[in-house]
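Take a look at the structure below.
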Amino acid sequence: EVVEISNSSLRAGLSGQATGDQAIDYEVVVQLKNPPTDTRPDFSATARIITDTRKTALSIPIIALTVRENESVPNKDSAQSVLGKQPAKQIGKKDVEGVFIVGTDNKVMFRPVRIGIAGDEYFEVLSGLRENERIVAGSYQAIRELKDSALVRETKVTDKKKPDSEAK
Numbered sequence: 117e118v119v120e121i122s123n124s125s126l127r128a129g130l131s132g133q134a135t136g137d138q139a140i141d142y143e144v145v146v147q148l149k150n151p152p153t154d155t156r157p158d159f160s161a162t163a164r165i166i167t168d169t170r171k172t173a174l175s176i177p178i179i180a181l182t183v184r185e186n187e188s189v190p191n192k193d194s195a196q197s198v199l200g201k202q203p204a205k206q207i208g209k210k211d212v213e214g215v216f217i218v219g220t221d222n223k224v225m226f227r228p229v230r231i232g233i234a235g236d237e238y239f240e241v242l243s244g245l246r247e248n249e250r251i252v253a254g255s256y257q258a259i260r261e262l263k264d265s266a267l268v269r270e271t272k273v274t275d276k277k278k279p280d281s282e283a284k
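First residue of the sequence shown? That's 117 in my numbering, and the numbers climb one at a time after it.
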């Protein structure tokens, strides 16, 4: 049972504000109801805190998500069509997050998506993508430089961290 949580981080004065995915330490006092026999006072622990979960969710590898200028695209998969009145999470004022969909001809098309929960390796997709659609995943630079109608080839995945497709 959590007994006390500090209101300020332990390293607040050392590095200023934390940015990105830096860890911030807080002192938390926990009372164990049935402690193991080898537990001693003043033990410390590291905890992984889960803020939200979904039992079933459509997800994409983090390396598949990219950002594009939110131009007026006259097709059914534009930001306005996929996401309603609000485009995906705005980056600056003109950018929209999305993925490259691989068509039956192995040509790609950028499609805006709306992202939900972020995990270590995957993002939940709330809208803009359907189950079983093929997407391109790869290095940040390769995905960032990929253009609509580019031809891609599928690669066999031997390691779960390798991309599903790559640009030619």
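Positions of the beta carbon are idealized from the N, C-alpha and C atoms, including for glycine.
| query | result |
| --- | --- |
| Given 8 Å, three or more beta-carbon pairs between the segment 166-175 and the segment 230-243 | yes |
| Within 9 Å, strictly: CB atoms of A180 and V252 | yes |
| Euclidean distance between Cα positions of N191 and F226 | With a pLDDT of 49 at N191, under the threshold of 50, the modelled position of that residue is not reliable, and the figure given next carries that caveat. Approximately 11 Å, taken between the alpha carbons. |
| Helix, strand or coil at Y238 according to DSSP, with G and I counted as helix | strand |
| Close Cβ partners of R164 (< 8 Å) along its chain, the five nearest in sequence each way excluded | none |
| Cut-off 6 Å between Cβ atoms - residues of its own chain near S105, not counting five sequence neighbours on either side | Lying outside 117 to 284, the shown extent of the chain, residue 105 is not represented and no answer is given. |
| Burial state of G219 (16 or more Cβ within 10 Å) | exposed |
| Enclosing alpha helix (DSSP H) for R260 [first to last residue] | 256-261 |
| R165 - DSSP class collapsed to helix/strand/coil | For clarity, residue 165 is Ile in the given sequence; the question names Arg instead. Three-state result, I165: coil. |
| Residues that DSSP places opposite K223 in a beta bridge | L267 |
| Pairwise C-alpha distance: P228 and G208 | Caution applies to G208, whose pLDDT of 49 falls short of 50 and renders its modelled position unreliable; the model cannot decide the point. |
| Nonlocal neighbours in the same chain, by C-beta distance under 7 Å from R184, ignoring five residues either side | D211, V212, G214, F226 |
| Buried versus exposed, by CB contacts within 10 Å (16 or more), F159 | exposed |
| Span of the beta strand (DSSP E) around S175 | 175-177 |
| Cβ pair E237, I178 closer than 9 Å | yes |
| Beta-bridge pairing of P228 - partner residues as DSSP gives them | G214 |
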